[in-house]
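Single-structure report; data block below.
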Ligand SMILES: N[C@@H](CCC(=O)N[C@@H](CS)C(=O)NCC(=O)O)C(=O)O
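Encoded structure:
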């Protein structure tokens with residue numbers, strides 16, 4: 003099994019977290035996003051969107067990080083990250099969908115403006131930063147309220163929902179994501195960051211611009 007990824011990519015991180023937590027042997031292949039390798043013909047043949055991550059399981063090629071997470075869990079006997087009963091799966095799927103539609107895109111705006119652009123010597127666009135911060139405030143408030151009464155996002159245990167959402171906050175410090183007002187969210191993020199899988203998937207220091 004091969005995973006095409008980039009070490010600083012939050013979308014890759016949620017798959018790496020799943021791989022590490024489940025202990026799946028995967029060959030990791032870096033796609034050099036700074037050099038535009040994702041837009042070259044070999045990678046476009048894997049993913050016509052020109053994005054990472056992509057999983058290649060003996061010719062079964064799968065893109066979209068949350069689909070890859072679910073596939074890996076389904077292929078792992080005895081795993082507990084993805085429930086097998088309909089309601090449990092729906093609960094986790096609800097948060098995976100919400101992460102993809104709302105929380106992660108909001109985080110991504112501010113990560114791009116405050117972190118990715120700095121890597122390439124570009125200035126952040128203040129209007130975009132403000133737009134991203136407003137979206138984070140809106141969606142993080144929902145997650146924070148939810149986490150006020152529970153330790154984990156779904157099912158009262160660690161699931162793919164936690165790994166998916168936490169990956170979107172991986173660059174909260176360097177990208178200055180405005181999560182200071184959300185104490186329950188920060189406490190939950192701390193719990194995820196204590197996981198061995200989190201520690202083993204930490205990206206290397208960002209290269210200079
Ligand atoms: N919805 C996709 C998003 C993937 C995505 O946006 N990947 C980013 C890295 S975090 C990427 O490949 N960017 C390269 C580019 O935009 O050229 C997923 O969840 O896998």
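In this note's numbering, the protein residues as written are 3 to 211. Idealized CB from N, CA, C, for every residue including glycine. Given the structure is predicted, the values throughout are model-derived calculations rather than measurements.
- Under DSSP, residue 119 shares a beta bridge with no residue.
- Beta-carbon to beta-carbon, residue 24 and residue 86 are separated by about 15 Å, too far to satisfy the 8 Å threshold.
- Applying a distance threshold of 7 Å between residue Cβ atoms and the heavy atoms of ligand 1 selects 8, 11, 12, 13, 14, 35, 40, 41, 52, 53, 54, 55, 65, 66, 67, 68, 102, given in chain order.
- In terms of Cβ geometry, residue 72 and residue 162 form a close pair [threshold 8 Å].
- The three-state reading of DSSP puts residue 194 in helix, counting H, G and I together.
- When secondary structure is reduced to three states using DSSP, residue 29 falls in the strand class.
- Rounded to whole angstroms, the gap between the alpha carbons of residue 34 and residue 66 is 18 Å.
- The distance from the Cβ of residue 149 to that of residue 97 is about 11 Å, inconsistent with a contact at the 8 Å cut-off.
- Residue 62 and residue 183 have their alpha carbons spaced roughly 43 Å apart.
- At the C-beta level, residue 58 and residue 4 come within 8 Å of one another.
- About 6 Å separates the beta carbons of residue 20 and residue 165, which is inside the 8 Å limit, making them a contact pair.
- Taking 8 Å as the cut-off, the beta carbon of residue 102 is found closer than this to the beta carbon of residue 68.
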